[in-house]
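Chains as they are written, first to last, in the numbering used here: chain A, 361 to 713; chain B, 361 to 713. Where is the CB? At the ideal position from N, CA and C, for every residue including glycine. To keep things clear, I will list the structure first and then write my remarks on it.
The following block contains the structure:
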């Protein structure tokens, strides 16, 4: 590894972007050169409070941001001259127009799961395909739901257990901080198309996954719940399945018997653990209700949509820039710096690396 | 069929009981002799308003009910001397103690799905096992969720299509009229045991069903949503599957393309159709999102928990008393009297019989 830190910028300081910025700062081989956005409200003022150099994502935003008292260092164009890589967390449709700008500036780029696979030609989940991202100029970190699918089904596949998987995704309606009428109340809204897009999206990372998903939106904000029915390649025990999940990173276990009985109790536990913003970066998989019947496996897990892709983005930075050639070493380094665990409480608690 | 109407009493005038009472009144071969309960609030006063003879379910309740101004006709014991059959919709645990009382009075009885199969030794869904209930002294109409499972998987089985089915039940937290802190807010609560009980419960009606269910509770009151992944016995088309659902009663189709996109839009449609209490007695199955891939079938449907078992209870009355020996004729008669349909709107709308 070079002694020179990778110079990173985050373009789009929203739900994902602000978390990526903090995670970059936590790494000893990266430097956050700045963050860029177009808004001028409290969200960006917090970035100023944290001491992050703030840039305008486009020249049109400069006046508004200056008028609002944001001490702008410059614009994205200025910033691109100084960095190796940009983590783009701008909204869907904005992001795709940015790729050519990054390429013209000779800066590598990472997009988020709202973008299409075709934008970058490569989709990324660290534990599945770190190697194929090494040295590329761009990749896409897949969405929160897809990331969780690749982590869990990837673990079963790696253990030679996976034949096919059928999942139901009970999605949160909107994020907790939102108040823009994007939520739903007192209903369940099934997606009008079956299968939902997450199965094919997982196949952009692991092409031969036999996976089908059905998705619905529910009347809550406390992240997603997935339920899975998996056909195994052979008769297996619960211990065998748990072992398959335990040998891969970024899956941690929840225990209903320990009082963690619902999405909201998990999140309260994250807050009590002192995690930044109460984030859960791991797939939170309920160990006690996980059931094996013959060659069939059933389980539920929680996907904290606001944070799960953040460690993946950090690894993507190392892969594209080539500062770490070994994916598992990058994952261990990221997880150590951010504080990921395999069990949240109790005797199994072990730091990933 | 005898010219003598079957004399029916409803014991327990709650969510299910009040609907059974109305449905009995709608039948030309049944007479509602009275309803019995122990409460003395608005719920029972509405029964008085409707002109139903009101009885006290036990002697201890008499004073309270009289003090509240309920014009009691007598007690359950008086009532049992005058009737052929009792539909028991009292709360769990109360009901099971009643069976011996009914037997001692020589009165047939029907229990609801909160009771165990072992209480009656027979569990009932009209289209599946009407025949085996004929002449029995008691049966149990299975729960709303189980009824929907038997109707839908029973249809696939009858068409020779069903190999195995894996379902996820996204349950409403509590009923819309409740305010007793039994709900949940802003979370999903997965059941701590997989599989949930509904699979084995369906097997009490159709023993050889290969079915496994996972259940969660969500933060809404607008009935249940089920999602299913079914393995078929052979490659099939969507039309073949729809035909299998169409030839059985009490499944009706919902169209997302027609704007029926969620649990609450369905319920608004029921209200606009002028249905009593906005009830949906049919399984409301989304036709347009139903998907067949090879020998696999995926679909979502809505279970209106407050009403779906009511037509089943009417048929159980005919089966136990033997006034109708043909289950499909009973179903047609019930559905005609109550107003069940195969399609809620549009060209396919056909009354069941």
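6 Å CB neighbourhood of residue i in its chain, flanking five on each side removed
i: residue 528/A; result: 574, 587
i: residue 465/B; result: 440
i: residue 610/B; result: 511, 642
i: residue 377/A; result: 370, 449
i: residue 664/A; result: 583, 640
i: residue 580/B; result: 532
i: residue 474/A; result: 452
Status (buried if at least 16 other CB within 10 Å, exposed otherwise) for residue i
i: residue 389/B; result: buried
i: residue 539/B; result: exposed
i: residue 709/A; result: Since pLDDT at residue 709/A reaches only 48, below the 50 mark, its modelled position is unreliable, and no value is offered.
i: residue 653/A; result: exposed
i: residue 447/B; result: buried
i: residue 453/B; result: exposed
i: residue 409/A; result: exposed
i: residue 582/B; result: buried
i: residue 463/B; result: exposed
i: residue 457/A; result: exposed
i: residue 460/A; result: exposed
i: residue 304/A; result: The structure shown does not extend to residue 304/A, since chain A spans only 361 to 713, so no value can be given for it.
i: residue 599/B; result: exposed
i: residue 595/A; result: exposed
Residues near residue i in its chain [Cβ-Cβ closer than 7 Å; skip 5 each side]
i: residue 717/A; result: Outside the shown range of chain A, which is 361 to 713, sits residue 717/A, and nothing can be said about it.
i: residue 591/A; result: 523, 524, 655, 656
i: residue 419/A; result: 435
i: residue 493/B; result: 482, 484, 499, 676, 679, 680
Contacts of residue i in chain A (Cβ-Cβ under 7 Å)
i: residue 436/B; result: Those do not exist, as residue 436/B stays about 37 Å from chain A at its closest Cβ, beyond 7 Å.
i: residue 569/B; result: Per Cβ cutoff of 7 Å: no residues; residue 569/B is ~15 Å from chain A at best.
i: residue 548/B; result: 530, 578, 580, 585, 622, 623
i: residue 616/B; result: 552
Partners in chain A for residue i, counting only beta-carbon separations shorter than 8 Å
i: residue 648/B; result: 552
Identity of the residue in the options nearest residue i by Cα
i: residue 509/B; options: 678/B, 700/B, 485/B; result: 485/B
i: residue 744/A; options: 365/A, 557/A, 542/A; result: With chain A running from 361 to 713 in the structure shown, residue 744/A is simply not present.
i: residue 645/B; options: 437/B, 631/B, 684/B, 622/B; result: 622/B
i: residue 443/B; options: 595/B, 677/B, 673/B; result: 677/B
i: residue 698/B; options: 590/B, 383/B, 374/B, 366/B; result: 383/B
i: residue 748/A; options: 674/A, 695/A, 704/A, 692/A; result: With chain A running from 361 to 713 in the structure shown, residue 748/A is simply not present.
i: residue 393/A; options: 433/A, 504/A, 544/A; result: 433/A
i: residue 602/A; options: 569/A, 513/A, 369/A, 670/A; result: 513/A
i: residue 491/A; options: 648/A, 701/A, 686/A, 578/A; result: 686/A
i: residue 406/A; options: 375/A, 560/A, 450/A; result: 375/A
i: residue 607/A; options: 701/A, 501/A, 503/A; result: 701/A
i: residue 658/B; options: 629/B, 544/B, 500/B, 597/B; result: 597/B
i: residue 482/B; options: 680/B, 684/B, 688/B, 689/B; result: 680/B
i: residue 498/B; options: 693/B, 682/B, 691/B, 705/B; result: 682/B
i: residue 660/A; options: 684/A, 559/A, 615/A; result: 615/A
i: residue 670/B; options: 386/B, 480/B, 554/B; result: 386/B
i: residue 633/A; options: 705/A, 566/A, 578/A; result: 705/A
i: residue 411/B; options: 381/B, 631/B, 534/B, 537/B; result: 381/B
i: residue 364/B; options: 684/B, 536/B, 693/B; result: 684/B
i: residue 546/A; options: 555/B, 535/B, 553/B, 471/B; result: 535/B
Segment limits, beta strand (DSSP E) that includes residue i
i: residue 526/A; result: 522-531
i: residue 646/A; result: 643-646
i: residue 428/A; result: Segment: none, residue 428/A is in no beta strand (DSSP E) and carries neither H nor E.
i: residue 371/A; result: 366-371
i: residue 660/B; result: 656-663
i: residue 611/B; result: 611-614
Contact list for residue i against chain B, beta-carbon separation under 7 Å
i: residue 528/A; result: 528, 587
Residue i: first and last residue of the uninterrupted alpha helix (DSSP H) it sits in
i: residue 492/A; result: 486-493
i: residue 402/B; result: 402-409
i: residue 329/A; result: This structure cannot settle anything about residue 329/A, because the visible part of chain A is limited to 361 through 713.
i: residue 586/B; result: Residue 586/B -> not in any alpha helix (DSSP H); beta strand (DSSP E) instead, spanning 584-592.
Sequence-distant residues of its chain with Cβ nearer than 8 Å to residue i (five each side left out)
i: residue 604/A; result: 515, 516, 518, 519, 521
i: residue 625/A; result: 619
i: residue 637/B; result: 379, 666, 667
i: residue 576/B; result: 528, 529, 530, 531, 548, 549, 550, 551
i: residue 562/A; result: 502, 506, 509, 510, 513, 569, 571
Where residue i meets chain A, residues with beta-carbon distance less than 9 Å
i: residue 596/B; result: Residues of chain A passing the Cβ test: none, with the nearest at roughly 15 Å.
i: residue 555/B; result: 651, 653, 658
Contacts that residue i makes with chain B (C-beta to C-beta distance below 8 Å)
i: residue 572/A; result: 589, 653, 656, 658
Distance cut-off 7 Å: residue i Cβ against heavy atoms of the ligand SAM
i: residue 614/A; result: Although the ligand SAM was asked about, the structure shown includes no ligands whatsoever.
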